[in-house]
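Read top to bottom, the protein sequences are chains P and F. End of the first sequence = 675 in the working numbering, gap-free, step of one. End of the second sequence = 308 in the working numbering, gap-free, step of one. Working notes, structure below.
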Amino acid sequence: MEPAPTPKPPQNFQFRAGLLLGLTLVVAIGFVAYVLYARGFFEAKQPLTLVTDNAEGVSIGDDLSFAGFPVGRVRRIALGDDGRARIELDIALDGARWLRTTSIFTLERGLFGSPRLRVYSANLKDPPLPAGSVRQVLRGDTSEEIPKMVATLRSALENIEQLTASGGSLQASLANLRTLTDKLAERQGMLGAVLGSEDDARKVVEAIDRANALLASLGGVSRKLDGMLGKADNRVFGEGGVMDGAQQAVGQANAALGEVRDNLKRVEKILADAEAVSGNAKAATADLGALRAEVDASLRKVSGLIDEINRKWPFQRDSEIRLP
Amino acid sequence: MSTATAVVGWFRAWGHVGRFALAAFAAAFARATYTPTTRAAALQQVYFTAWQPLAGFTLFSAVMSLVVIQVTITAARDFGLAGYALELVFRVLVLELIPFVTALMVALRSGSAINTEVALMHASGELEAMREARVDPMQREFVPRLVAAALSVVSLTVLSCAIALVLAYLVMYGFSPWGFQEYTRTIANVYSLPILTGFFLKGTAFGVAVAAIPISAGLEATHNLKSAPIAVMGGMVRLMLALALIEIVSVAAKYA
C-alpha cells in the first residue's frame, strides 16, 4: 500500500517516533508543571486586599514587591461598592512574614511600564499582618505630576519673560544700575552717586575739609593745654613747688608750736612750785588758779590747732605733739 | 480562466478543504480508525516528518533563537529595559516566531510531500482501487498522516521552544543559578493558563493545516498526471495562507 517513491524507514522507526513523542510529552508536562510552580500553584498563600482611588494600569499577575523582591501577586481587581478600586492579592506565606500591621503600601506609576505595587515595613518587630487584611494604598504618579510641573514651569517662564521683556522691571533695574555705575565712574564717584548731584557732593567734600581744619586747630589747643598742665604740675608738685613750700611752712609751724608747748610746760612747773611755796597767800593762789586755767585753755587751743593741721594736711604724720 | 471562474474555483477549493477537514475529524474520533496498521502509518509519518529533520531543525532553531535573544537582550540593556527583555523574548520568540517557523518548515518539507503523494495516488487510481477493496483511504491513509503531522508540528515546536527557553536563561544570566527566581517570575508573568491553552491550540491548528490542506489539494488532481503539479501548487499556496491566518488570529486574540 505504500506509495512507490516513499523511502523505506528503518526497522525501529516506531521506537524512534515513539521516543520523540514521549520526549515531547515529558518536556510539555515539565513545562506546564514549571509554569504552575512559577505561578505559585503549589505554595500556600494568604489573601490581602489593597484599596485605592485609582487602580489604572494595575493588571492581574503584577507583583507586590518588598525591598525589590516579589512577595505577592495581584489575583483580581474589582471596583468596590464605595467606588474605590480593590486590588486583591495572594501573598505567598514565605513572603507574608515581611508584612506587618504597620506596613505601608504604595502604588507608583512611572513614565513607562506597568505601575509598581510596593510595601514598606519600617519595624519588622510589629505584629504580622493578619490574613485577609484590607489596607489603603498610597499613590504616586509621575505622569500625573508632569502636567502640574509643566504648568508651574510655564508660569515661572512667563514671569521671567515679563522681567526680561523690553520695558520690563529687570530692564529698568539694569538701566538704573547702569546710571549708578556711570556716576561711580565720575569725578565725585560714590558720593555723587549717593547724593544724586555733583554740587551736593562738592559741598560735602568742603564740609569735610573744614572739619579737618577745625580738628587740626583743636589739636594745637589741646597741645598747649597739655604744656600748661605740665607746668602747673611742676609748679605745684615739683622741687621747690607750692606744695614743697607748704610742707616746709607746716614743719616750721610744728616746731614753733612745739617750742610754745615746752614754754607752757615750764610755766606750769613754775606755777606749781609757786603754789607749793606760797600756800598761805589765798588770794594770790586764786589769781594763779585763774592764770593756770587760762594757760590750760590756750594749751588746748594750740593742741587743737596742731590736730587740725595734721588732719587737714595728710603729709605730716609726725604726731609728736601731745597734750600734757 | 476568467476572474469569476478563478474566484469560484478559489472558494470551491476552500470548500473542499473544509469538507475534508470535517470528514477527517469525524474519522479521527472514530474508534475504527485506530488499528495497528494506521498506528504504524502514523508513526512512520512522525518518523519522516519530525525525527528525520530533528537534528537539523533544532540546530537551525537554536541558532535563530540565539540571534533573536542576543539582539533583544542587548538592545533592551542598551535602552535600560533589561527587565523587559526576557518577557519580550518569551512573547515574541517562544510564543510566536518558533511555532510559525516550525509550521513553515514542516509545511515546506512534509506538506508538499504529502500533497504530491496524494495527488499521485489519486492520479494513478490507487485510491479508487482501495475503495473497491473496501478500504477507506480516509482511515487508512489520510487520518494517520493528519494526526502524525499535527503531532510532529507540536513536538518540534515544544522541543525548539524548550531549547529557546534554556538559551534565553543562559544569555540573560550565564551559568549563574541566581537568575532562577527572576526568570521564574517572568515565566509566571507571561505564561498564564489562557496563553498556554492558546499556544497548544495554535500548534495543533498549524499541525492539522500542514496535513489537511495538502491532502485535500491532492484530491483535486485528476487522473491526468499533469494535473498533479497544479494541485500541489494550489495546495501549498492555500497552506501558506492558512498558516499566516492562524498566526494573525492567534496574535489578535492575545493582544487585541
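C-beta atoms are modelled at their ideal positions from N, C-alpha and C, and glycine is treated no differently. In this text, all values refer to a predicted model and were calculated from it rather than measured experimentally.
Quick check on residue i: does DSSP put it in helix, strand or coil?
i, result
"proline 354 of chain P", "Because the pLDDT at proline 354 of chain P is just 48, under 50, the model does not fix this residue reliably, and the value given afterwards should be weighed accordingly. Residue state, collapsed to three classes: coil."
"leucine 546 of chain P", "helix"
"glutamate 495 of chain P", "helix"
"proline 281 of chain F", "helix"
"arginine 64 of chain F", "helix"
"lysine 359 of chain P", "coil"
"phenylalanine 382 of chain P", "helix"
"serine 162 of chain F", "helix"
"threonine 457 of chain P", "strand"
"alanine 305 of chain F", "helix"
"arginine 91 of chain F", "helix"
"alanine 436 of chain P", "strand"
"leucine 489 of chain P", "strand"
"valine 153 of chain F", "helix"
"alanine 137 of chain F", "helix"
"methionine 292 of chain F", "helix"
"threonine 274 of chain F", "coil"
"proline 105 of chain F", "coil"
"valine 409 of chain P", "coil"
"tyrosine 388 of chain P", "helix"
"glutamate 590 of chain P", "coil"
"glutamate 610 of chain P", "helix"
"proline 466 of chain P", "coil"
Looking at the strands, I want to know which residues DSSP matches up with residue i.
i, result
"proline 479 of chain P", "P/Arg451"
"glutamine 309 of chain F", "This structure cannot speak to residue 309 of chain F, because chain F is shown only from 53 to 308."
"leucine 396 of chain P", "Correcting the residue identity first, residue 396 of chain P is lysine in this sequence and not leucine. P/Ala443."
"aspartate 414 of chain P", "P/Arg424"
"leucine 508 of chain P", "None, per the DSSP bridge assignment."
"serine 707 of chain P", "Outside the modelled stretch of chain P, which goes from 352 to 675, sits residue 707 of chain P, for which no answer is possible."
"serine 484 of chain P", "P/Leu399"
"glutamate 429 of chain P", "According to the sequence shown, residue 429 of chain P is alanine rather than glutamate. According to DSSP, which records beta bridges pairwise, alanine 429 of chain P is partnered with P/Arg437."
"tyrosine 221 of chain F", "The partner list for tyrosine 221 of chain F (beta bridge, DSSP) is empty, contrary to what the question assumes."
"tyrosine 471 of chain P", "P/Ile455"
Tell me whether residue i is buried or exposed, calling it buried when 16 or more other Cβ atoms sit within 10 Å of its Cβ.
i, result
"serine 520 of chain P", "exposed"
"valine 115 of chain F", "exposed"
"glutamate 459 of chain P", "exposed"
"histidine 174 of chain F", "buried"
"asparagine 585 of chain P", "exposed"
"methionine 594 of chain P", "exposed"
"proline 421 of chain P", "buried"
"glutamate 557 of chain P", "exposed"
"methionine 722 of chain P", "The displayed coordinates of chain P run from 352 to 675. Any statement about residue 722 of chain P would go beyond what the structure contains."
"arginine 197 of chain F", "buried"
"valine 59 of chain F", "exposed"
"phenylalanine 152 of chain F", "buried"
"glutamate 590 of chain P", "exposed"
"aspartate 441 of chain P", "buried"
"proline 481 of chain P", "exposed"
Of all the options the options, which has the alpha carbon lying nearest to the alpha carbon of residue i?
i, options, result
"isoleucine 621 of chain P", "P/Leu642, P/Ala604 and P/Gly602", "P/Leu642"
"isoleucine 166 of chain F", "F/Val284, F/His275, F/Arg143 and F/Phe142", "F/Val284"
"aspartate 432 of chain P", "P/Val572, P/Val422, P/Asp404 and P/Leu399", "P/Asp404"
"valine 123 of chain F", "F/Phe109, F/Phe112, F/Leu111 and F/Leu138", "F/Leu138"
"valine 425 of chain P", "P/Pro466, P/Val618, P/Arg451 and P/Glu610", "P/Pro466"
"alanine 644 of chain P", "P/Thr503, P/Glu496, P/Gly373 and P/Ala623", "P/Ala623"
"proline 266 of chain F", "F/Val60, F/Thr55 and F/Ala73", "F/Ala73"
"arginine 486 of chain P", "P/Leu569, P/Val402 and P/Arg435", "P/Val402"
"glutamate 659 of chain P", "P/Gly640, P/Asn605 and P/Glu439", "P/Asn605"
"leucine 374 of chain P", "F/Leu160, F/Val206, F/Thr89 and F/Ala79", "F/Val206"
"leucine 430 of chain P", "P/Arg451, P/Ser454, P/Thr453 and P/Thr400", "P/Thr400"
"arginine 469 of chain P", "P/Gly419, P/Val383, P/Asp647 and P/Arg553", "P/Gly419"
"methionine 157 of chain F", "F/Leu277, F/Asn276, F/Ala240 and F/Val262", "F/Val262"
"threonine 209 of chain F", "F/Gly255, F/Glu299, F/Ile282 and F/Val218", "F/Gly255"
"leucine 372 of chain P", "F/Val301, F/His68, F/Thr101 and F/Phe194", "F/Thr101"
"glutamine 397 of chain P", "P/Gly461, P/Gly446 and P/Val383", "P/Gly446"
Flag residue i as yes when its Cβ comes closer than 7 Å to any non-hydrogen atom of the ligand HEM, and as no otherwise.
i, result
"valine 488 of chain P", "In the structure shown, the ligand HEM is absent, as is every other ligand, since no ligand is present at all."
At a Cβ cut of 8 Å, what residues of the region 365-379 of chain P count as close to chain F, listed as they run along the chain? Gln365, Arg367, Ala368, Gly369, Leu371, Leu372, Leu374, Thr375, Val378 and Ala379
If contact means a Cβ-Cβ distance below 9 Å, which residues of the region 406-420 of chain P contact chain F? Ile411, Gly412, Asp413, Asp414 and Phe420
By the 8 Å beta-carbon criterion, what residues does the region 385-407 of chain P contribute toward chain F? Tyr385, Val386, Tyr388, Ala389, Arg390 and Gly391
Which of the residues in the region 244-277 of chain F, read from start to end, lie with their CB under 8 Å from any CB of chain P? Ser244 and Leu248
Relative to chain P, which residues along the region 119-140 of chain F have a C-beta separation below 9 Å, given in chain order? Leu133, Gly135 and Tyr136
What residues in the region 177-204 of chain F bring their beta carbon closer than 9 Å to a beta carbon of chain P? Glu178, Met182, Val187, Arg192, Glu193, Ala200, Leu203 and Ser204
Of the residues that make up the region 83-94 of chain F, which ones have a beta carbon closer than 9 Å to any beta carbon in chain P? Thr89, Arg91, Ala92, Ala93 and Ala94
Select from the region 486-509 of chain P all residues with a C-beta closer than 7 Å to any C-beta belonging to chain F, and list them in chain order. none
Could you please tell me which residues of the region 421-452 of chain P, in chain order, have their CB closer than 9 Å to any CB of chain F? Pro421 and Arg424
Under 8 Å (Cβ pairs) to chain P, residues found in the region 95-110 of chain F: Leu95, Gln96, Val98, Tyr99, Phe100, Ala102, Trp103 and Leu106
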